[in-house]
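*Asks:*
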Amino acid sequence: MIFIHEVHKVVGKCADRFEDAYRDGWMPMLAKGSDVRLLWYFDLAHGSGLAYRAVTITAVEDGASWARLADRLASGDLQQWARHLDGLQHESIGRIMTPLQWSPSLPPLADIPTGQVEHEPTMYMEDTMWPFPGKIRDYIEAAGNIYRHSLGTEGAKVQMHIELALQTLPGAGRSPEVTLMQKLSSLPRLITLLTSDIPPEVTGPGSWMHEALELRDQWRSKLLRTAVWSPLQ
Amino acid sequence: MLFMHETHKVIGRHASAFEDLYRNEWMSAVARNEDTRLVWYLNHAMGSGPAYQVVTITAMASGSAWEELTRRMLDGDLSGLADRLESCRYEVEGKLVRPVYWSALQEVDLTSIPTDGREHDLSVYMQDTGWPDAPLDEYIELWDHEYWRYMREIPEEKKLLDIQACFQIAHGSGIRPEAILLQKIMNFSTLGNLLTSVEKHDPTTWPGTYMAKGLEVRDQWESKLLRTSSWSPLW
Chain A
1 MIFIHEVHKV VGKCADRFED AYRDGWMPML AKGSDVRLLW YFDLAHGSGL
51 AYRAVTITAV EDGASWARLA DRLASGDLQQ WARHLDGLQH ESIGRIMTPL
101 QWSPSLPPLA DIPTGQVEHE PTMYMEDTMW PFPGKIRDYI EAAGNIYRHS
151 LGTEGAKVQM HIELALQTLP GAGRSPEVTL MQKLSSLPRL ITLLTSDIPP
201 EVTGPGSWMH EALELRDQWR SKLLRTAVWS PLQ
Chain B
1001 MLFMHETHKV IGRHASAFED LYRNEWMSAV ARNEDTRLVW YLNHAMGSGP
1051 AYQVVTITAM ASGSAWEELT RRMLDGDLSG LADRLESCRY EVEGKLVRPV
1101 YWSALQEVDL TSIPTDGREH DLSVYMQDTG WPDAPLDEYI ELWDHEYWRY
1151 MREIPEEKKL LDIQACFQIA HGSGIRPEAI LLQKIMNFST LGNLLTSVEK
1201 HDPTTWPGTY MAKGLEVRDQ WESKLLRTSS WSPLW
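Protein chains in written order, with our numbering: chain A, 1 to 233; chain B, 1001 to 1235.
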């Protein structure tokens, strides 16, 4: 399975219509086939970054399925939908990604909901890292062996767990690049993280924060909130 | 047919090693799969933009061929070479592109693409990337009706550009809306005139021209002057 990750710069006054286009258009239209599904629809939480940004993640079975989807959007049955969406967003920036070897698995595409079932919104912290030249394999291994396990410990600064760990595929975005989709399970801990200095024991020698600086020192976090109808929460 | 368009931000002191790897190892290694070929290797002309940037374009028969190439690079026979290339650059920005309906280039006969590094003269291309504020389809249609058809009628001796290909981004692999013109420069002195001309392209005094009509769908684009290497398979 491969994943299409898109960040949409939405026209503010069209924000509701943009979301409708995904909920009432994209999600059910994809559900008519078996090899493509919308997984997540997120809004970037206002107050934490750029305004009117939506993030969508769509899963496709393989490269052939992705190429068929691209054909449908360029000149097939989804062309009109794409043209409609062009009027509702300033632009979208997409990349195509593959799961890291240690990434948790998602349900099969056939089990992804396609109806409009509503849930409580869920918060995610999406972290995107850019390892130093030649260091991506070391970074992926260290993140799997050290960082992933540290999230589940009692003393973790933020209570969250990795739902999906991805790497941008060659030719379909920036490289080297890794993105972690992390589901938050405690809002108070997040607020503490945001409003407190990071203690020395978290950043000192021997810590992940310290040692991982040999592999990368640039990343970006986004706080994303699922839409109530997002297929995955 | 799909094309993998990559812009490499090369580490300056490794620029020669990067090109040598592409020429002597990568080009033939990629071609071990008959569905994939490196077709262009282009240096961003110094003096016209960022330093040490290289653009490569790889042709692939299908989405499956692209997926196979990524597997070879991540875990297969190309992984060692991919790692060596990665250590010669800061980063690479890739996008998958497909020819628009009117593009002169639609298919490439992959079996005809050389992989032996044979040398030839250099060519220079003007790559224009545009980002419309209208629906993408309208921009592509404007290029067809107002630019491509006009450019084809210019006599050979007066021609500055030959539009060899026009691409749009294949879904999810880059920016939408975005489209790309790959134009071979046919006359360097005409290029000199273009760069040094003080003629004002005031749209209000050019009613009905492409420059004026173009402003109805976009006012942002970027031109890059790209020079082929002496061994680039297409040039």
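The beta carbon of each residue, even a glycine, is placed where N, CA and C say it ideally should be.
Under the three-state reduction of DSSP, which class applies to residue 40 of chain A: helix, strand or coil?
*Replies:* Walking along the first sequence from the start, residue 40 of chain A turns up at place 40. Three-state result, residue 40 of chain A: strand.
*Asks:* How about residue 1177 of chain B: is its C-beta nearer than 8 Å to some C-beta of chain A?
*Replies:* Position 177 of the second sequence, counting from 1, holds the residue named residue 1177 of chain B. At least one chain A Cβ lies under 8 Å of residue 1177 of chain B.
*Asks:* Using the Cα positions of residue 1214 of chain B and residue 215 of chain A, report the straight-line distance between them to the nearest angstrom.
*Replies:* Reading the second sequence from its first residue, position 214 is the one you call residue 1214 of chain B. Reading the first sequence from its first residue, position 215 is the one you call residue 215 of chain A. When rounded, the distance between both Cα atoms is 46 Å.
*Asks:* Who does residue 124 of chain A pair with in a DSSP beta bridge?
*Replies:* In the first sequence, residue 124 of chain A corresponds to position 124, counting from 1. BP columns for residue 124 of chain A point to A/183, A/224.
*Asks:* Could you tell me which of A/178, A/114, A/54 sits nearest to residue 46 of chain A, measuring between CA atoms?
*Replies:* Taking the first sequence and counting its residues from 1, one reaches residue 46 of chain A at position 46. Measuring from the Cα of residue 46 of chain A, the nearest candidate turns out to be A/54.
*Asks:* When you compare only the Cα positions, how much space is there between residue 13 of chain A and residue 86 of chain A?
*Replies:* Stepping through the first sequence from its first residue, residue 13 of chain A is reached at position 13. Stepping through the first sequence from its first residue, residue 86 of chain A is reached at position 86. Rounded to the nearest angstrom, the two C-alpha atoms are 14 Å apart.
*Asks:* Return no unless some Cβ of chain B is closer than 8 Å to the Cβ of residue 92 of chain A.
*Replies:* Position 92 of the first sequence, counting from 1, holds the residue named residue 92 of chain A. Judged by the 8 Å Cβ criterion, residue 92 of chain A is in contact with chain B.
*Asks:* Contact defined as beta carbons within less than 8 Å: I believe residue 1086 of chain B pairs with residue 134 of chain A. What is the distance between those atoms, to the nearest angstrom?
*Replies:* Stepping through the second sequence from its first residue, residue 1086 of chain B is reached at position 86. Stepping through the first sequence from its first residue, residue 134 of chain A is reached at position 134. About 5 Å separates the two Cβ atoms, so the contact holds.
*Asks:* How big is the Cα-Cα spacing for residue 242 of chain A and residue 191 of chain A?
*Replies:* Any answer about residue 242 of chain A is impossible in this case: the structure gives chain A only from 1 up to 233.
*Asks:* Please compile the residues from chain B whose C-beta is within a distance smaller than 8 Å of the C-beta of residue 74 of chain A.
*Replies:* Position 74 of the first sequence, counted from the first residue, corresponds to residue 74 of chain A. Neighbours of residue 74 of chain A on chain B, chain order: 1098, 1168, 1170, 1171.
*Asks:* Any C-beta of chain B within less than 8 Å: which residues of the segment 47 to 65 of chain A qualify?
*Replies:* Those residues of the segment 47 to 65 of chain A that come within reach of chain B (Cβ to Cβ, closer than 8 Å) are 58, 62, 63, 64, 65.
*Asks:* Would you give the residue range spanned by the alpha helix (DSSP H) that residue 88 of chain A belongs to?
*Replies:* Locating residue 88 of chain A in the first sequence gives position 88, counting from the first residue. Looking at the DSSP string, residue 88 of chain A is not in any alpha helix (DSSP H), and its letter there is neither H nor E.
*Asks:* Assuming residue 63 of chain A contacts residue 1080 of chain B (C-beta within less than 8 Å), just tell me the rounded distance between them.
*Replies:* In the first sequence, residue 63 of chain A corresponds to position 63, counting from 1. In the second sequence, residue 1080 of chain B corresponds to position 80, counting from 1. Incorrect: roughly 23 Å between the Cβ atoms, too far for contact.
*Asks:* Just curious, the beta strand (DSSP E) that residue 1130 of chain B is in, first and last residue?
*Replies:* Translated into the one-based positions of the second sequence, residue 1130 of chain B becomes position 130. From DSSP, the beta strand (DSSP E) with residue 1130 of chain B extends over 1124 to 1130.
*Asks:* Is the segment 1171 to 1186 of chain B in contact with the segment 163 to 175 of chain A, if contact means three or more CB pairs nearer than 8 Å?
*Replies:* The segment 1171 to 1186 of chain B, when compared against the segment 163 to 175 of chain A, does touch it at the 8 Å Cβ threshold.
*Asks:* Between B/1018, B/1012, B/1032, B/1223, which lies nearest to residue 1114 of chain B when the distance is taken from Cα to Cα?
*Replies:* Walking along the second sequence from the start, residue 1114 of chain B turns up at place 114. Ranking B/1018, B/1012, B/1032, B/1223 by Cα distance to residue 1114 of chain B puts B/1032 first.
*Asks:* For residue 1223 of chain B, which beta-bridge partners are listed by DSSP?
*Replies:* As a first step, residue 1223 of chain B must be located in the second sequence, where it is residue number 223. The partner list for residue 1223 of chain B (beta bridge, DSSP) reads B/1128.
*Asks:* So, residue 148 of chain A versus residue 162 of chain A, is the Cβ gap smaller than 8 Å?
*Replies:* As a first step, residue 148 of chain A is located in the first sequence; it is residue number 148 there, counting from the start. As a first step, residue 162 of chain A is located in the first sequence; it is residue number 162 there, counting from the start. Yes, they are a contact pair.
*Asks:* Quick test of your reading: residue 89 of chain A and residue 8 of chain A, contact by CB under 8 Å. State the CB separation rounded to the nearest angstrom.
*Replies:* Locating residue 89 of chain A in the first sequence gives position 89, where the first residue counts as 1. Locating residue 8 of chain A in the first sequence gives position 8, where the first residue counts as 1. Indeed they touch by this definition, with Cβ atoms about 5 Å apart.
*Asks:* I need the straight-line Cα distance from residue 229 of chain A to residue 159 of chain A, nearest angstrom please.
*Replies:* Stepping through the first sequence from its first residue, residue 229 of chain A is reached at position 229. Stepping through the first sequence from its first residue, residue 159 of chain A is reached at position 159. Cα to Cα, the separation comes out at about 24 Å.
*Asks:* Please report the residue range of the beta strand (DSSP E) in which residue 1090 of chain B lies.
*Replies:* Walking along the second sequence from the start, residue 1090 of chain B turns up at place 90. Where residue 1090 of chain B is concerned, the enclosing beta strand (DSSP E) stretches over 1089 to 1099.
*Asks:* When you compare only the Cα positions, how much space is there between residue 65 of chain A and residue 35 of chain A?
*Replies:* The sequence position of residue 65 of chain A within the first sequence is 65, counting from 1. The sequence position of residue 35 of chain A within the first sequence is 35, counting from 1. Using only the alpha carbons, I get a separation of about 6 Å.
*Asks:* Going along chain B in order, which residues have a C-beta closer than 7 Å to the C-beta of residue 6 of chain A?
*Replies:* For the purposes of this step, residue 6 of chain A is taken as the residue at position 6 of the first sequence. Going along chain B in sequence order, the residues near residue 6 of chain A (Cβ under 7 Å) are 1172.
*Asks:* Could you compute how far the alpha carbon of residue 99 of chain A sits from the alpha carbon of residue 140 of chain A?
*Replies:* As a working mapping, residue 99 of chain A is identified with position 99 in the first sequence. As a working mapping, residue 140 of chain A is identified with position 140 in the first sequence. Approximately 11 Å, taken between the alpha carbons.
*Asks:* Can you name, in chain order, every residue of its own chain whose Cβ lies under 7 Å from the Cβ of residue 1049 of chain B, other than the five neighbours on each side?
*Replies:* Here residue 1049 of chain B is taken as the residue at index 49 of the second sequence, counted from 1. Closer than 7 Å at Cβ, skipping near neighbours: 1224.
*Asks:* Taking 8 Å as the limit between beta carbons, can you name the residues of its chain near residue 1148 of chain B, skipping five residues before and five after?
*Replies:* Counting from 1 along the second sequence, the entry for residue 1148 of chain B is found at position 148. These residues qualify, in order along the chain: 1102, 1163, 1166.
*Asks:* From residue 213 of chain A to residue 165 of chain A, what distance separates their C-alpha atoms?
*Replies:* Residue numbering aside, residue 213 of chain A sits at position 213 when the first sequence is read from its first letter. Residue numbering aside, residue 165 of chain A sits at position 165 when the first sequence is read from its first letter. Their backbone Cα atoms lie some 19 Å apart in a straight line.
*Asks:* With DSSP as the reference, identify every bridge partner of residue 9 of chain A, one or two as the case may be.
*Replies:* Locating residue 9 of chain A in the first sequence gives position 9, where the first residue counts as 1. A/53, A/91.
*Asks:* Check for me: the beta strand (DSSP E) holding residue 139 of chain A runs from which residue to which?
*Replies:* Position 139 of the first sequence, counted from the first residue, corresponds to residue 139 of chain A. First-last for residue 139 of chain A: 136 to 142, but that is the alpha helix (DSSP H), not the beta strand (DSSP E).
*Asks:* Specify whether the segment 1124 to 1136 of chain B and the segment 1184 to 1192 of chain B touch according to this definition: at least 3 beta carbon pairs, one from each stretch, less than 8 Å apart.
*Replies:* Counting Cβ pairs under 8 Å, three or more are found: they touch.
*Asks:* Which residues, taken in chain order from the segment 130 to 141 of chain A, show a beta carbon closer than 8 Å to some beta carbon of chain B?
*Replies:* Here the close residues are 130, 133, 134, 136, 137.
*Asks:* Can you give me the C-alpha to C-alpha distance between residue 109 of chain A and residue 25 of chain A, rounded to a whole angstrom?
*Replies:* Here residue 109 of chain A corresponds to residue number 109 of the first sequence, with the count starting at 1. Here residue 25 of chain A corresponds to residue number 25 of the first sequence, with the count starting at 1. C-alpha separation (whole angstroms): 18 Å.
*Asks:* Under a Cβ-count criterion, where at least 16 other Cβ atoms within 10 Å of its own Cβ denotes burial, should residue 1111 of chain B be classed as buried or exposed?
*Replies:* Here the question's residue 1111 of chain B lines up with position 111 in the second sequence. The residue in question, residue 1111 of chain B, is exposed, as its Cβ has fewer than 16 Cβ neighbours within 10 Å.
*Asks:* By the DSSP assignment, the beta strand (DSSP E) with residue 202 of chain A in it spans what residues?
*Replies:* As a position in the first sequence, residue 202 of chain A is number 202, starting the count at 1. Not the beta strand (DSSP E): residue 202 of chain A falls in the alpha helix (DSSP H), residues 200 to 203.
*Asks:* Under 8 Å, do residue 1073 of chain B and residue 1066 of chain B count as touching if we go by C-beta distance?
*Replies:* Counted from its first residue, the second sequence places residue 1073 of chain B at position 73. Counted from its first residue, the second sequence places residue 1066 of chain B at position 66. Cβ atoms of residue 1073 of chain B and residue 1066 of chain B: not closer than 8 Å.
*Asks:* I need the straight-line Cα distance from residue 184 of chain A to residue 1230 of chain B, nearest angstrom please.
*Replies:* Taking the first residue of the first sequence as position 1, residue 184 of chain A is located at position 184. Taking the first residue of the second sequence as position 1, residue 1230 of chain B is located at position 230. Their backbone Cα atoms lie some 53 Å apart in a straight line.
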